[in-house]
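Numbering (this note's numbering), first residue to last: 11 to 615. Heads up: the structure comes next, in structure tokens.
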């Protein structure tokens, strides 16, 4: 086990005394872990050797993990491991192991905690993962819908049901493979269309996903009628892999049946599991992992279980209710006030719960909680920023801008709020330029906010300033020894963006073409990259190449107005008047301002 020693402050749930009965079940509550949902990514605030670092709560990770860049920045000593780590998409890496002298979150502090170290970047700007080498210290209650994970040590509870909150609800139970430091994964069994499958409970996976092999075993493949493409997913260190959305007659987990379930399928390449139950599943349930019993208990919260189809019927509950007289709650609690409450008490608590509601697409409940958070914490810029994001999603830009202005007034250095404020302020040039000047001053050369700033400068037709932002970001990362770890999608955005900017301004068209070639190599099916390269070809007078790229872009996105208009211009120059007029008219019908946009590039019929 990589964790070497611990220091905890314990809080008792219920009465525990020297004269307690021999069969008294006592649940010792350790300090909670506060969780903030960033979309479907559960985030934990931690301090590693005194430095604040955000981590992804990842029940599917055998070990806690840090990126190579973070370990180097914290100057942690590390050594080469004698094992390898397998990501969700099958990528194998041999990590180093770094030692943190102190690791703290909320009221808890651990000493001498080991983290595996791996190159690459993590979702939501995280420094790494909080994994099972820490979580297995106790039983774990995952209450992501309320923004908290509770660590509980049961004493004298034997095999009593541990879903202490469920005195009147139906409780589902899954037998877990015996967990240990050598076998830390939460593995059990379920039924897919009546056939037994192996399942992994993994909060680090945003969406639940079934392996192609398991899906095929019950007659479902990517070619089955009704199965649709659903983009790509990436595991730690792995290449993006395609996934599809498919409907299954039933998924039965621990006695809970989800009928007509719409779930992702893909090549997850996990030798131990046929299905990964991700953060979407955890948000729809309250889950208690009884490491002490090798069992997992859960109850249904409501909402879509797999977060793909909100019309999916609610699950059918387990066969019978948890007997109140035998439950851990009845055995442990001397009074209801001793039990943990789900009701937030401060602005941050309401904000965390709101972000969980938002991740479940329960936006009305999220807004109500954020309203309360803003009332309770009027000096906290985060609550106004989160409410602004919700207003923006609800197509209320005026309210969103007001909250973003409030967040910036409280924290002028909040780069994310500046980017969002500038985006919503378009086409108010003075407001956008003020935000862009602040972003340029605040952001590091490697900060992804520079890519957002470059796109915003392009929207203002300030192409030289846009190219400068791309230059700064690309140059800083090309000089970085870990640049290869940046996702190919991000590199493609940078190169395609700089290519388009230079094509629009007719600047350095040779470098522009090279940039777009790199973007297309990275993402051959990117309509944006193909469209950008076509613009450069058009500016260079290479009309056949321009039309070929516009054709490819339009095959991917048939209503892409810029590609239609650009192809029309190229066809006009080749003397194909009829097809040119048809393309130009179709482009203007989709986006009337497209002709003016191309005129600003010096391109007119």
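Beta carbons: idealized from backbone N, C-alpha and C, even for Gly.
Problem - residue 305 - partner residues in DSSP beta bridges - result: To locate residue 305, count along the chain shown from 1; it is residue 295. 185 and 300.
Handout entry: Neighbour-count burial assignment, residue 270, 16 or more Cβ in a 10 Å radius
Key = Within the chain shown, numbered from 1, the residue matching residue 270 stands at position 260. That one is exposed.
Practice task
Return the first residue and the last residue of the beta strand (DSSP E) that residue 376 is part of.
Solution key: As a first step, residue 376 must be located in the chain shown, where it is residue number 366. Note, residue 376: premise wrong, no beta strand (DSSP E); alpha helix (DSSP H) at 373-386.
Handout entry: Beta-carbon proximity list for residue 502, same chain, < 7 Å, skipping 5 on both sides
Key = Within the chain shown, residue 502 is the residue found at index 492, counting from 1. The beta carbon of residue 502 sits closer than 7 Å to the beta carbons of 529, 532, 533, 536 and 539 from its chain, once the five residues preceding and following it are set aside; these are given in chain order.
Exercise for the section: For residue 613, count neighbouring Cβ atoms within 10 angstroms of its own Cβ and tell me buried if that reaches 16, exposed if not. Expected result: Locating residue 613 in the chain shown gives position 603, where the first residue counts as 1. By the neighbour-count criterion, in which a residue is buried when 16 or more other Cβ atoms sit within 10 angstroms of its Cβ, residue 613 is buried.
Handout entry: Under the three-state DSSP convention, the category residue 468 falls into
Key = As a position in the chain shown, residue 468 is number 458, starting the count at 1. In this structure, residue 468 counts as helix in the three-state DSSP scheme.
Exercise for the section: Output the distance between the C-alpha atoms of residue 609 and residue 579, rounded to the nearest integer angstrom. Expected result: Looking up residue 609 in the chain shown gives position 599. Looking up residue 579 in the chain shown gives position 569. Each residue's alpha carbon lies about 11 Å from the other.
Exercise for the section: Less than 8 Å between the CB atoms is what I'm expecting for residue 65 and residue 148, so what's the real figure, rounded? Expected result: Translated into positions along the chain shown, residue 65 becomes position 55. Translated into positions along the chain shown, residue 148 becomes position 138. No, residue 65 and residue 148 are not in contact; Cβ-Cβ is about 18 Å, not under 8 Å.
Practice task
Name the two residues that bound the continuous alpha helix (DSSP H) containing residue 175.
Solution key: Position 165 of the chain shown, counted from the start, is the residue given in the question as residue 175. From DSSP, residue 175 is part of no alpha helix (DSSP H); its letter is neither H nor E.
Problem - DSSP three-state assignment for residue 85, whether helix, strand or coil - result: Residue mapping note: residue 85 aligns to position 75 of the chain shown, counting from 1. Note: residue 85 maps to coil in three-state DSSP.
Exercise for the section: Have a look at the DSSP bridge pairing and note the partners of residue 262. Expected result: Looking up residue 262 in the chain shown gives position 252. Bridge pairing for residue 262: 201 and 267 [DSSP].
Practice task
May I ask you to report which of helix, strand or coil DSSP gives residue 256?
Solution key: Here residue 256 corresponds to residue number 246 of the chain shown, with the count starting at 1. Looking at residue 256 - three-state DSSP - the assignment turns out to be strand.
Practice task
Could you say which of 325, 390, 422 and 376 lies nearest to residue 404 if we only look at CA atoms?
Solution key: As a working note, residue 404 is residue 394 in the chain shown. Comparing Cα-Cα distances from residue 404 to each of 325, 390, 422 and 376, the minimum goes to 376.
Practice task
Could you name the residues of the same chain whose beta carbon sits closer than 6 Å to that of residue 306, not counting the 5 residues immediately before and after it, in chain order?
Solution key: Within the chain shown, numbered from 1, the residue matching residue 306 stands at position 296. Exclusion of the five residues before and after residue 306 leaves 184, 186 and 299 as the residues of its chain whose Cβ lies within less than 6 Å of its Cβ.
Exercise for the section: Can you tell me the Cβ-Cβ gap for residue 140 and residue 68, rounded? I've got them flagged as a contact below 8 Å. Expected result: Stepping through the chain shown from its first residue, residue 140 is reached at position 130. Stepping through the chain shown from its first residue, residue 68 is reached at position 58. With 8 Å as the limit, residue 140 and residue 68 qualify as a contact, their Cβ atoms being about 6 Å apart.
Problem - Exposure of residue 485, with buried meaning 16 or more beta-carbon neighbours within 10 Å - result: In the chain shown, counting from the first residue as 1, residue 485 sits at position 475. Result: exposed.
Handout entry: residue 533 - containing beta strand (DSSP E), residue span
Key = Here residue 533 refers to the residue found at position 523 of the chain shown. Run containing residue 533: none; DSSP gives neither H nor E here.
Problem - Where residue 234 sits in the DSSP three-state scheme - result: Walking along the chain shown from the start, residue 234 turns up at place 224. Look at residue 234 here: in three-state DSSP terms it is coil, with no helix or strand label.
Handout entry: Residue range of the unbroken alpha helix (DSSP H) whose run includes residue 359
Key = Locating residue 359 in the chain shown gives position 349, where the first residue counts as 1. Counting along the chain, residue 359 sits inside the alpha helix (DSSP H) bounded by residues 357-369.
Handout entry: Reduced DSSP category for residue 572 - H, G, I as helix; E, B as strand; rest coil
Key = Residue numbering aside, residue 572 sits at position 562 when the chain shown is read from its first letter. Residue state, collapsed to three classes: helix.
Practice task
Go to residue 286, then tell me how far its alpha helix (DSSP H) extends in each direction, as first and last residue.
Solution key: Taking the first residue of the chain shown as 1, we reach residue 286 at position 276. Taken as a continuous stretch (DSSP letters only), residue 286 belongs to no alpha helix (DSSP H), being part of the beta strand (DSSP E) at 285-287.
Problem - First through last residue of the beta strand (DSSP E) which encompasses residue 128 - result: Residue 128 sits at position 118 when you count from the first residue of the chain shown. Note, residue 128: beta strand (DSSP E), 118-128.
Exercise for the section: Use the C-beta contact count for residue 439: other C-beta atoms within 10 angstroms, 16 or more gives buried, fewer gives exposed. Expected result: Within the chain shown, residue 439 is the residue found at index 429, counting from 1. Exposed: under 16 other Cβ atoms inside 10 Å.
Practice task
Measure the C-alpha to C-alpha separation of residue 302 and residue 37 and round it to an integer number of angstroms.
Solution key: Here residue 302 corresponds to residue number 292 of the chain shown, with the count starting at 1. Here residue 37 corresponds to residue number 27 of the chain shown, with the count starting at 1. The alpha-carbon atoms of residue 302 and residue 37 are separated by roughly 12 Å.
Exercise for the section: Can you tell me which of 106, 516, 479 and 527 puts its alpha carbon nearest to the alpha carbon of residue 129? Expected result: By one-based count along the chain shown, residue 129 stands at place 119. Nearest of 106, 516, 479 and 527 to residue 129, Cα basis: 106.
Problem - DSSP state of residue 246 mapped onto helix, strand, coil - result: Start at 1 with the first residue of the chain shown, and residue 246 comes out as number 236. The predicted model places residue 246 with a pLDDT of 48, which falls under 50 and marks its position as unreliable, so this point remains unresolved.
Handout entry: Contact set for residue 411: own chain, Cβ-Cβ below 6 Å, skip 5 residues either direction
Key = For the purposes of this step, residue 411 is taken as residue 401 along the chain shown, with counting starting at 1. Cβ within range, chain order: 434.
Practice task
Within its chain, find whatever has a CB closer than 6 Å to the CB of residue 547; leave out the 5 residues flanking it on each side and keep chain order.
Solution key: As a working mapping, residue 547 is identified with position 537 in the chain shown. Contacts found: 555 and 556.
Problem - Under 8 Å between C-beta atoms of residue 523 and residue 543 - result: Position 513 of the chain shown, counted from the first residue, corresponds to residue 523. Position 533 of the chain shown, counted from the first residue, corresponds to residue 543. In contact: residue 523 and residue 543 (Cβ atoms closer than 8 Å).
Handout entry: Run of the beta strand (DSSP E) containing residue 115, from where it starts to where it stops
Key = Taking the chain shown and counting its residues from 1, the one referred to as residue 115 is at position 105. Taken as a continuous stretch (DSSP letters only), the beta strand (DSSP E) holding residue 115 covers 106-115.
Practice task
Excluding the 5 residues preceding and the 5 following residue 611 in the sequence, name in chain order all residues of the same chain whose CB lies nearer than 7 Å to its CB.
Solution key: Within the chain shown, numbered from 1, the residue matching residue 611 stands at position 601. Contacts found: 514.
Problem - Exposure of residue 371, with buried meaning 16 or more beta-carbon neighbours within 10 Å - result: By one-based count along the chain shown, residue 371 stands at place 361. Residue burial annotation: residue 371 is exposed, with fewer than 16 other C-beta atoms found within 10 angstroms of its C-beta.
Practice task
Confirm the yes/no value for this check: CB of residue 234, any heavy atom of the ligand ADP, distance under 7 Å.
Solution key: You won't find the ligand ADP in this model; it holds no ligand whatsoever.
Practice task
May I ask which residues mark the beginning and end of the alpha helix (DSSP H) holding residue 442?
Solution key: Position 432 of the chain shown, counting from 1, holds the residue named residue 442. Where residue 442 is concerned, the enclosing alpha helix (DSSP H) stretches over 439-452.
Practice task
Taking residue 2 as the reference, give the member of 219, 475, 399 and 512 with the closest Cα.
Solution key: This structure cannot speak to residue 2, because the chain is shown only from 11 to 615.
Exercise for the section: Count the CB pairs spanning the region 46-53 and the region 109-117 that are closer than 8 Å, and state whether there are at least three. Expected result: No: the two stretches stay apart, fewer than three of their Cβ pairs being nearer than 8 Å.
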